[in-house]
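Reviewing the structure listed below.
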Ligand SMILES: Cc1cc2nc3c(=O)[nH]c(=O)nc-3n(C[C@H](O)[C@H](O)[C@H](O)COP(=O)(O)OP(=O)(O)OC[C@H]3O[C@@H](n4cnc5c(N)ncnc54)[C@H](O)[C@@H]3O)c2cc1C
Ligand SMILES: Cc1cc2nc3c(=O)[nH]c(=O)nc-3n(C[C@H](O)[C@H](O)[C@H](O)COP(=O)(O)OP(=O)(O)OC[C@H]3O[C@@H](n4cnc5c(N)ncnc54)[C@H](O)[C@@H]3O)c2cc1C
Ligand code: SF4
Ligand code: SF4
Ligand code: FES
């Protein structure tokens, strides 16, 4: 039936293209790469949507945005209606439109995608959100004050969403953030050229307008603890959204040499501390001529593209598997290639070599080939014996993943953890083993995505609201 | 914003600030540190908690002007505001009654050693303090240390005040004289801490040092502060800053501390030349 529908309309086989800065220019600046649709382009793209009754696209969206409904409103140029529709489910559309891995979520299931390119759902979503940000954000209704107080720990997408939803329900929310700026990975990890910090700060200002108090420079587990917040602090419930901020190492020789960065450090220095503006901003970064980034996810792509912008002559992605297995967003991989990032697939270092001053000078690597599929369903990389070779590099960025930071888990009584040290929380409610304490986002799932963190924050907000109602006000 | 309530000049390049930060003061303990950022374009720099007053809600830090940020910090005065101030970070010193202990402070390290000596004495230890500086001009808190310790010995490298010699010279005398101390705590410049450890290793005297590796977040997120202790990678900001000095790879630590030498120089030169703020990062200065 869908086949019939496809032929009924004359459909452009490809997505309407989105303007972007020229690769040769953008690879040397930190301005946003993708420039967004024009009104004409967005309407044309919206008109590609078949308005499928079953809307398979929706099942691919972790928060089930009503995709056909908002796209229909865009086709009718009712942009206010469209953004309202999106925001029923997604409170950070300007961010998700930019960073969701659409090709493995909403767009993966788009009917159109069976024959042509899928509808550019992310780009349409981004257009609506940007248009709202440019024209002034719609006032959001807040319920009368409930007199209940909730502490939210961490101001990444999970914490921000949970805080917004609870504030709208009339609860008094305080967000505790360890760093000097709220936003989590959206501020310190994802680079400016992919997600302008202005967009994130506008969302955070909206949150403040809802009456949410944000306390930066507050490390829970140090300045205060969850237990104290609930007893002396007078908070009725707590949401923990502290993310996956603990960098993993390869555990190979030479990782402490000068010139070896974790992606977290590399990106934090650049994004949060603005090292690319050194010496006008005080935080420095050292970048060599040839940079090797270990890993193949978004974090790795961001690091490799950042290295180019910081002036590296060559920037390499060194990845154990092949291009097909790269977990990064499709668009990021393409952008990285266009910008001149090079790829060493089926390769992994066994040792980092340094000179007498302890600075990185090379990596000893092994070649891999793909064997049988492993537990994750991807083919397992197997080292090829005797394939050692030397790769000359002078900067190494380790981007092989992050685990949960133990500061909060270690200082909270009665909190059940998983084997890996993540907080155990019921996926349907966000409830942890400790009454009144909820958790969500990367601290629960391990490093995942913005939209999943947001969805978890939203789920927890619902449960916390119910919990506060059940446990009566006084 | 965090207000400077009191400023003292302890030595020509060593200054003391008492800063209003009630949240930090409430939890602060000997051995911990804070991270501050002066303004929007500023670097995050760690400073040890030299003292705290829970009632007043203040933290005292003592810093030496060595580069751009500490020099700029030194230009602030009583009543001025610091943009960001977070803590207390790191693990507190493990305080208990060991019997008798030695606390060594070198240079600006006298400040962080002071609350540790005081806490150890309060816990019932006999505390022999040893403090030293390059010259008499750079020595401070002799009186405070005398109060905090059971006995205090003072030395200067050039002999311009008290006796002439390094803190290690005095340390050897104390160990020889008094026999069988249980613990030594040593805080100061890296070469000093290394020298102390080399000495105490001879006597098999357990020695705690406080490592000042380069830091960014101070919460275990970036890995910048990593140090190798007993062959294992540790994060100075969350696993330390205090470690068993006999197990620390000081060579690596010294090399990692010098990573940004050329940029630090550039930054300082620009500051000294009085270049004012001109970047587009949204700062307000
Ligand atoms: C470089 C990079 C690129 C990425 N790219 C994408 C992408 O393109 N698309 C996508 O969907 N996802 C991407 N991700 C993943 C995504 O950003 C995360 O899954 C998401 O941010 C998780 O949200 P969160 O709210 O759980 O935690 P986070 O965003 O990690 O926020 C946690 C916050 O809690 C704070 N915190 C931690 N401990 C404490 C404490 N003890 N006290 C107070 N505060 C604390 C942290 O400082 C931080 O601000 C990327 C991640 C990285 C690192
Ligand atoms: C846990 C800890 C506690 C400390 N306590 C004190 C203290 O009580 N008093 C004091 O005077 N100093 C202390 N320091 C050192 C102090 O942080 C540095 O002197 C300061 O950061 C130098 O900054 P700058 O811009 O003035 O100098 P720069 O010219 O930038 O650097 C001078 C030297 O300081 C070190 N340094 C530079 N940036 C950092 C950074 N972000 N973090 C750590 N070290 C850095 C480097 O080794 C560098 O070579 C402490 C450091 C740590 C890690
Ligand atoms: S939130 Fe993400 S997955 Fe959902 S519709 Fe928007 S872009 Fe697609
Ligand atoms: S976006 Fe795709 S799947 Fe969804 S309604 Fe439109 S055509 Fe159908
Ligand atoms: S300073 Fe970042 S992990 Fe220690």
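Protein chains in written order, with the numbering used here: chain X, 1 to 474; chain S, 1001 to 1285. Using N, Cα and C, we set each Cβ at its ideal position, and we do this for glycine too.
For residue 100 (chain X), does the three-state DSSP call read helix, strand or coil?
Here DSSP, grouped into helix, strand and coil, assigns residue 100 (chain X) to coil.
Which whole-angstrom value describes the C-beta separation of residue 1248 (chain S) and residue 1187 (chain S), a residue pair presumed to lie in contact below a C-beta threshold of 8 angstroms?
So it is not a contact: roughly 13 angstroms between Cβ atoms.
Going along the chain, which residues of its own chain have a beta-carbon closer than 7 angstroms to the beta-carbon of residue 464 (chain X), five neighbours each way excluded?
150, 166, 237, 239, 438
So, helix, strand or coil for residue 219 (chain X), using DSSP?
coil
Taking 8 angstroms as the cut-off, decide whether the C-beta atoms of residue 1059 (chain S) and residue 1021 (chain S) are in contact.
yes
Under 8 angstroms, CB to CB, which of the residues in the region 190 to 224 of chain X have a partner in chain S?
216, 217, 218, 219, 222, 223, 224
Residue 451 (chain X): beta carbon under 7 angstroms from a heavy atom of ligand 3?
Residue 451 (chain X): yes, Cβ under 7 angstroms from ligand 3.
Using the C-alpha atoms, what's the distance from residue 1142 (chain S) back to residue 1343 (chain S)?
Examination of residue 1343 (chain S) is not possible in this model, given that chain S is present from 1001 through 1285 alone.
Cβ of residue 256 (chain X) less than 8 angstroms from any chain S Cβ?
yes
Near ligand 4: residue 25 (chain X) beta-carbon under 7 angstroms from a heavy atom:
no
Can residue 162 (chain X) and residue 241 (chain X) be called in contact, C-beta distance under 8 angstroms?
yes
Heavy atom of ligand 5 within 7 angstroms of residue 258 (chain X) beta-carbon
no
Along the alpha helix (DSSP H) that carries residue 267 (chain X), what are the first and last residues, could you check?
263 to 267
DSSP has residue 389 (chain X) in a bridge; who is on the other side?
X:365
Alpha-carbon to alpha-carbon, residue 1131 (chain S) and residue 1167 (chain S)
About 7 angstroms.
Near ligand 7, which residues have their beta-carbon closer than 5 angstroms to a heavy atom?
For ligand 7, the structure offers nothing, since it holds only ligand 1, ligand 2, ligand 3, ligand 4 and ligand 5.
Whole-number beta carbon distance between residue 1235 (chain S) and residue 1211 (chain S), since they are thought to touch under 8 angstroms:
That belief does not hold up - the Cβ atoms of residue 1211 (chain S) and residue 1235 (chain S) are roughly 10 angstroms apart, past 8 angstroms.
Would residue 1284 (chain S) count as contacting chain X if we go by Cβ distances under 8 angstroms?
Any answer about residue 1284 (chain S) is weak, because its pLDDT of 39 lies below 50 and its placement is not dependable; what the coordinates show is given next. So no, residue 1284 (chain S) is outside the interface.
Residue 475 (chain X) versus chain S: which residues are under 7 angstroms apart at the beta carbon?
Given that chain X is displayed from residue 1 to residue 474, the structure contains no residue 475 (chain X) and the question cannot be resolved.
Counting only C-beta atoms, is residue 1020 (chain S) closer than 8 angstroms to chain X at any point?
no
At the 8 angstroms Cβ level, is residue 298 (chain X) part of the contact set with chain S, yes or no?
no
Looking at ligand 1, does it come within less than 7 angstroms of residue 422 (chain X), judged from the CB to the closest heavy atom?
Checking every heavy atom of ligand 1 against the Cβ of residue 422 (chain X), none is found closer than 7 angstroms.
Starting from residue 1226 (chain S), trace the alpha helix (DSSP H) in both directions and tell me its first and last residue.
Taken as a continuous stretch (DSSP letters only), residue 1226 (chain S) belongs to no alpha helix (DSSP H), being part of the beta strand (DSSP E) at 1226 to 1229.
At 8 angstroms on the CB atoms, spell out the chain S contacts of residue 273 (chain X), in chain order.
1043, 1044, 1216
I think residue 440 (chain X) touches residue 158 (chain X), with their Cβ atoms under 8 angstroms apart; what is that distance to the nearest whole Å?
5 angstroms
Can you give me the start and stop residues for the beta strand (DSSP E) that residue 397 (chain X) sits inside?
Run containing residue 397 (chain X): 395 to 398, per the beta strand (DSSP E) assignment.
Can you tell me where the beta strand (DSSP E) with residue 1103 (chain S) in it begins and where it stops?
1100 to 1106
Name the chain S residues that come within less than 8 angstroms of residue 405 (chain X), Cβ to Cβ?
1219, 1220, 1221
Using the beta-carbon count (16 or more within 10 Å), is residue 376 (chain X) buried or exposed?
With fewer than 16 other Cβ atoms within 10 Å, it is exposed.
By Cβ distance, which residues of its chain are closer than 7 angstroms to residue 76 (chain X), with the 5 residues on each side in sequence left out?
none
For the alpha helix (DSSP H) containing residue 1132 (chain S), name the first residue and the last one.
First-last for residue 1132 (chain S): 1126 to 1133, but that is the beta strand (DSSP E), not the alpha helix (DSSP H).
Shortest alpha-carbon distance to residue 262 (chain X) belongs to which of X:288, X:46, X:401?
Answer by Cα proximity: X:401.
Which same chain residues, not among the five before or five after residue 318 (chain X), have their C-beta less than 6 angstroms away from its C-beta?
Cβ within range, chain order: 292, 294, 344, 347.
Among S:1219, S:1198, S:1016, S:1005, whose alpha-carbon lies nearest the alpha-carbon of residue 1079 (chain S)?
Cα-wise, what sits closest to residue 1079 (chain S) is S:1005.
Residues near residue 171 (chain X) by beta carbon distance below 6 angstroms, same chain, minus five either side:
146, 148, 150
C-alpha distance - residue 361 (chain X) paired with residue 124 (chain X), whole-angstrom precision
46 angstroms
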